[in-house]
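Here the protein sequences come in this chain order: B and F. To convert, note that position 59 of the first sequence is 59 in our numbering; the numbers rise steadily by one, no gaps. To convert, note that position 357 of the second sequence is 357 in our numbering; the numbers rise steadily by one, no gaps. Built from N, CA and C at the ideal position, the CB exists for glycine as well. As structure tokens, the structure follows; a few thoughts come after it.
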Amino acid sequence: MNVRVYDLAHARAGDKGNTSNISVICYDARHWDFLERELTPDRVADAFKHIAKGPIKRHPLRNLKAFNFVIENALGGGVTVSLAQDIHGKSLSNVMLAIELPDPEAARK
Amino acid sequence: MKSRETIRVGAGAGTSDDRMVPALELAERGDIDYLVFECLAERTVSRENLARSKDPELGYSPSLHARLRMVLPTCIAKGIRIVSNMGAANPLGGARAARKEAADLGLGDVAVAVVLGDDVSSIVKHRGELTLIENGEPLESILPKMISANAYLGADVVCEALNTGAPIVLSGRVADPSLFLAPMMHEFGWTYEDLPKIAQGTAAGHLLECTASVTGGCFGWPGKKEVPDLARNGFPFADVKADGSVVIGKTPDTGGRLDVMTCTEQLIYEIHDPTAYITPDCVLDISGIALSQDTADRVRVAGAKARPATETYKVNVGYADGFIGEGEVSYGGIDAVARAKWAAQIVKERLKLQGFVYDDFRVDLIGMSSLHDQVDIRPEPYEVRLRMAGRTRNRKAAHAIGFEVRAMHMHGPGGAGGACEPRVRDVLAVKSVLLPKNLVNAQVVVEGSL
């Protein structure tokens with residue numbers, strides 16, 4: 001069975017220009033290594049392919065039990081010109097949380 | 001007990017639309033020394049520049065009146081000093097408005113120290129060769145449409161304003177964390193050479209700059225991340241010591257929660273490279289920060305590092321970039337989605353028949369694809385709201401979108417309801433350049449007597 005990012009971590013999205021940054025923060029530090037292995041920039045890019053052109057960079061923040069994903073070309077040109085309703089992309093953290101990761105062991109936590 | 005060994009810096013606003021009452025609660029019950037109102041989003045200064053072009057006394061944040069009227073009696077009585085960027089595009093006009101509010105409240109002659117120099121439009125208009133960060137084009141590509149150019153000033157000039165002793169400090173564009181760092185530099189005599197302290201103060205400012213984001217706002221999730229009494233959530237403050245130690249707290253007897261989880265979300269918020277968060281005051285590295293629960297609703301922040309500031313200020317250049325028009329109408333029940341999609345096709349065809357063209361165009365089915373775009377596997381909802389939006393240089397073309405969407409009531413598929421009035425708004429786009437700091441003349445002027 002799969003585990004969702006939602007099951008292991010919380011997240012928040014922020015905006016600067018046309019770039020979205022989404023934090024992924026483990027509830028339990030023991031899941032950090034699993035997320036480092038499975039929540040790769042490629043997997044995130046696949047989940048965001050309808051929304052963002054990329055590139056996507058992942059910054060590890062082990063001290064904070066977290067990762068910071070920086071997703072470029074994600075906000076329809078940026079808050080000042082975007083035609084979207086959610087011009088800041090505040091809701092994009094929920095795309096991250098819905099990503100499913102294949103690992104039965106982590107799901108058992 | 002507080003002494004000048006420790007100061008308490010409170011966050012009274014994190015945007016011009018922020019909630020009002022928590023700032024008053026903080027002033028009344030938070031035992032704070034400083035109350036910081038951060039009220040400028042990326043394009044706010046451009047918008048206020050347009051306001052000033054119509055009336056030279058305007059151009060400061062319109063929320064200045066209500067915010068100061070609310071907190072000034074308490075702040076003056078308790079000696080709480082106010083620091084704010086509500087001066088926006090007209091800090092001197094804002095200072096006159098603030099002094100009038102104080103006088104009208106019977107508080108007498110309240111001096112305001114005004115930070116000037118962030119408006120660099122007269123400097124950059126001769127420097128069309130500067131490179132736009134966003135697309136690598138030269139600045140001259142947008143100069144003809146420029147409305148405003150404002151440098152993100154740092155804590156040094158805000159500190160200088162605090163040194164005057166004025167109860168209120170008012171600025172235009174200043175980097176958000178710098179507004180909070182300035183009182184610490186003022187009280188403790190920190191300079192930009194004291195990098196570990198500047199780092200801690202900048203981290204504290206970053207944690208405070210979105211107010212309720214560390215006290216349970218933009219956080220809760222039923223059954224997963226509970227937030228007690230969110231309706232009465234309080235605003236945060238930082239207790240800062242001269243040695244740079246920082247503890248974040250919140251107004252007593254308010255709702256919400258303040259813990260390592262809420263602080264971690266805000267710490268990473270709007271940061272790109274965590275080892276190089278560039279402010280006018282330093283290059284902050286948050287990667288080594290440790291957050292720990294001190295006591296209930298108090299979180300200790302330790303381990304922030306920084307490198308010296310860069311030689312440039314980031315300058316936001318606002319410019320007019322056409323219009324956005326939009327319209328909405330709803331469909332419900334059997335085949336709701338199919339009727340909404342058909343309506344979208346009809347509107348597009350009618351706009352084309354009238355010869356209108358758009359630089360960008362978007363169709364949303366609210367309830368289905370408006371936030372995260374179209375994914376085929378999602379089930380169809382019972383009802384959807386069709387939203388169409390386009391950007392164009394032609395105001396008539398922008399208006400036509402909402403006009404034609406509204407016309408779906410009478411001229412579209414069956415059973416359309418609840419269309420909104422056609423909406424058109426001016427696009428104030430923002431791009432940025434880096435400007436050498438030595439070209440910028442940041443300075444302080446005092447309005448009123450000290």
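| field | Option nearest P41(B) by Cα separation, candidates G78(B), S23(B) and V79(B) | value | Taking the first residue of the first sequence as position 1, residue 41(B) is located at position 41. Of G78(B), S23(B) and V79(B), the residue nearest in Cα terms is S23(B).
| task | Put H411(F) into one of helix, strand or coil per three-state DSSP. | result | Residue 411(F) sits at position 411 when you count from the first residue of the second sequence. Residue state, collapsed to three classes: helix.
| request: State the beta-bridge partners of S330(F) as determined by DSSP. | output: Within the second sequence, the letter at position 330 stands for residue 330(F). Looking at the DSSP assignment, S330(F) forms a beta bridge with R385(F) and G417(F).
| task | Provide the residue span of the beta strand (DSSP E) that contains T19(B), from first to last. | result | Position 19 of the first sequence, counting from 1, holds the residue named residue 19(B). It spans T19 to C26 - the beta strand (DSSP E) in which T19(B) sits, taken as one unbroken run.
| query | What beta strand (DSSP E) runs, 3 residues minimum, are completely inside the segment 85-148 of chain F? | reply | 112-116
| message | Against K16(B), what residues of chain F qualify as contacts under a CB-to-CB distance less than 8 Å, listed in chain order? | response | The residue labelled residue 16(B) in the question sits at position 16 within the first sequence. Neighbours of K16(B) on chain F, chain order: E270 and H272.
| message | Determine, for Q266(F), whether the minimum Cβ-Cβ distance to residues of chain B falls below 9 Å. | response | By 1-based counting over the second sequence, the position of residue 266(F) is 266. Closer than 9 Å to some Cβ of chain B, the Cβ of Q266(F) qualifies, so yes.
| query | For N150(F), which of S121(F), P177(F) and R127(F) has the nearest alpha-carbon? | reply | Residue 150(F) sits at position 150 when you count from the first residue of the second sequence. Ranking the options by Cα distance to N150(F), first place goes to S121(F).
| query | Is A11(F) helix, strand or coil by DSSP? | reply | What you label residue 11(F) is simply residue 11 of the second sequence in a count that begins at 1. Note: A11(F) maps to strand in three-state DSSP.
| request: Please report how far the alpha carbon of H10(B) lies from the alpha carbon of V446(F), in whole angstroms. | output: Locating residue 10(B) in the first sequence gives position 10, where the first residue counts as 1. Locating residue 446(F) in the second sequence gives position 446, where the first residue counts as 1. Each residue's Cα considered, the two are about 46 Å apart.
| From R406(F) to S91(B), what distance separates their C-alpha atoms? | If you number the second sequence from 1, residue 406(F) lands on position 406. If you number the first sequence from 1, residue 91(B) lands on position 91. Those two C-alpha atoms are separated by around 28 Å.
| request: Name the two residues that bound the continuous alpha helix (DSSP H) containing N94(B). | output: Your numbering for residue 94(B) matches position 94 in the first sequence. Residues S93 to L97.
| request: Compare the C-beta of W221(F) against all C-beta atoms of chain B and say whether one is closer than 9 Å. | output: By 1-based counting over the second sequence, the position of residue 221(F) is 221. Closer than 9 Å: yes.
| message | Using only the alpha-carbon positions, how far apart do P381(F) and Y331(F) sit? | response | Here residue 381(F) is taken as the residue at index 381 of the second sequence, counted from 1. Here residue 331(F) is taken as the residue at index 331 of the second sequence, counted from 1. P381(F) and Y331(F): Cα-Cα distance of roughly 10 Å.
| Taking the Cβ atom as the reference point for each residue, do G76(B) and D360(F) lie within a distance shorter than 9 Å? | Reading the first sequence from its first residue, position 76 is the one you call residue 76(B). Reading the second sequence from its first residue, position 360 is the one you call residue 360(F). Closer than 9 Å, so yes.
| request: Would you mind giving the Cβ-Cβ distance between A51(F) and L450(F), rounded to the nearest angstrom? I have them listed as a contact below 8 Å. | output: Within the second sequence, the letter at position 51 stands for residue 51(F). Within the second sequence, the letter at position 450 stands for residue 450(F). Incorrect: roughly 30 Å between the Cβ atoms, too far for contact.
| request: With distances taken Cα to Cα, identify the nearest neighbour of I87(B) among C420(F), H411(F) and L371(F). | output: Counting from 1 along the first sequence, the entry for residue 87(B) is found at position 87. When each option's Cα is compared against that of I87(B), the closest is L371(F).
| said: Against K225(F), what residues of chain B qualify as contacts under a CB-to-CB distance less than 8 Å, listed in chain order? | reply: Here residue 225(F) is taken as the residue at index 225 of the second sequence, counted from 1. Chain B residues near K225(F): H10.
| query | Hey, L428(F) and G318(F) are a contact pair by Cβ (cut 8 Å); roughly how many whole angstroms apart? | reply | Here residue 428(F) corresponds to residue number 428 of the second sequence, with the count starting at 1. Here residue 318(F) corresponds to residue number 318 of the second sequence, with the count starting at 1. The Cβ separation is near 5 Å, so the contact holds.
| Is it buried or exposed for V433(F), if we count other Cβ within 10 angstroms and need 16 for buried? | For the purposes of this step, residue 433(F) is identified with residue 433 of the second sequence, where counting begins at 1. With 16 or more Cβ atoms within 10 Å of its Cβ, V433(F) is classed as buried.
| query | Are the segment 200-216 of chain F and the segment 173-185 of chain F touching by the rule of at least three beta carbon pairs closer than 8 Å? | reply | yes
| message | Only counting the same chain, and skipping five residues up and downstream in sequence, which positions put a Cβ closer than 8 Å to that of F237(F)? | response | Numbered from 1 along the second sequence, position 237 holds the residue referred to as residue 237(F). So the qualifying residues of the chain are R8, V9, G10, A11, L26, G30, I32, L208, I248, G249, K250 and T251.
| request: Flag K147(B) as yes if its beta-carbon sits less than 9 Å from any beta-carbon of chain F, otherwise no. | output: One cannot answer for residue 147(B) here, as it falls past the ends of chain B, which runs 1 to 109.
| request: Measure the C-alpha to C-alpha separation of R19(F) and L40(F) and round it to an integer number of angstroms. | output: Working through the second sequence from its first residue, we reach residue 19(F) at position 19. Working through the second sequence from its first residue, we reach residue 40(F) at position 40. Going by the C-alpha atoms only, they are around 15 Å apart.
| request: Starting from C75(F), find everything on chain B with Cβ-Cβ shorter than 8 Å and list it in chain order. | output: As a first step, residue 75(F) is located in the second sequence; it is residue number 75 there, counting from the start. The contacting residues do not exist; C75(F) stays about 30 Å from chain B at best.
| request: Express the C-alpha separation of I268(F) and H129(B) in angstroms, rounding to a whole number. | output: Any answer about residue 129(B) is impossible in this case: the structure gives chain B only from 1 up to 109.
| query | Got a sec: is the Cβ-Cβ distance from G77(B) to anything in chain F below 9 Å? | reply | The residue given as residue 77(B) occupies position 77 in the first sequence. Yes, because at least one Cβ of chain F sits closer than 9 Å to the Cβ of G77(B).
| said: Is the separation between the beta-carbon of A66(B) and that of C26(B) shorter than 9 Å? | reply: The residue you call residue 66(B) lines up with position 66 of the first sequence. The residue you call residue 26(B) lines up with position 26 of the first sequence. A contact, by the Cβ cut-off of 9 Å.
| query | At least one CB of chain B closer than 9 Å to the CB of S432(F): is that the case? | reply | In the second sequence, counting from the first residue as 1, residue 432(F) sits at position 432. Judged by the 9 Å Cβ criterion, S432(F) is in contact with chain B.
| query | When every heavy atom of the ligand GTP is checked, does at least one fall within less than 8 Å of the C-beta of V169(F)? | reply | In the structure on display, the ligand GTP does not appear, and there are no ligands present to speak of.
| said: Please tell me whether I286(F) and L61(B) are closer than 9 Å, where the distance is taken between their beta carbons. | reply: Taking the first residue of the second sequence as 1, we reach residue 286(F) at position 286. Taking the first residue of the first sequence as 1, we reach residue 61(B) at position 61. Yes, the Cβ-Cβ distance between I286(F) and L61(B) is below 9 Å.
| task | Report yes or no: do the segment 92-101 of chain F and the segment 48-62 of chain F share at least 3 C-beta pairs separated by less than 8 Å? | result | yes
| request: Compute the Euclidean distance between the alpha carbons of E226(F) and V45(F), then round it to the nearest angstrom. | output: Taking the second sequence and counting its residues from 1, one reaches residue 226(F) at position 226. Taking the second sequence and counting its residues from 1, one reaches residue 45(F) at position 45. Straight-line Cα distance between these residues: approximately 37 Å.
| request: In the DSSP assignment, find the unbroken alpha helix (DSSP H) run with N163(F) in it and report its ends. | output: Here residue 163(F) corresponds to residue number 163 of the second sequence, with the count starting at 1. Segment A155 to N163, the alpha helix (DSSP H) holding N163(F).
| message | Using CA atoms only, rank isn't needed, just tell me which of T211(F), R173(F) and R43(F) is closest to P22(F). | response | What you label residue 22(F) is simply residue 22 of the second sequence in a count that begins at 1. The shortest C-alpha separation from P22(F) is found at T211(F).
| field | Supposed contact pair D321(F) and K145(F) - C-beta distance, whole angstroms, cut 8 Å | value | Mapped onto the second sequence, residue 145(F) falls at position 145. Mapped onto the second sequence, residue 321(F) falls at position 321. Indeed they touch by this definition, with Cβ atoms about 7 Å apart.
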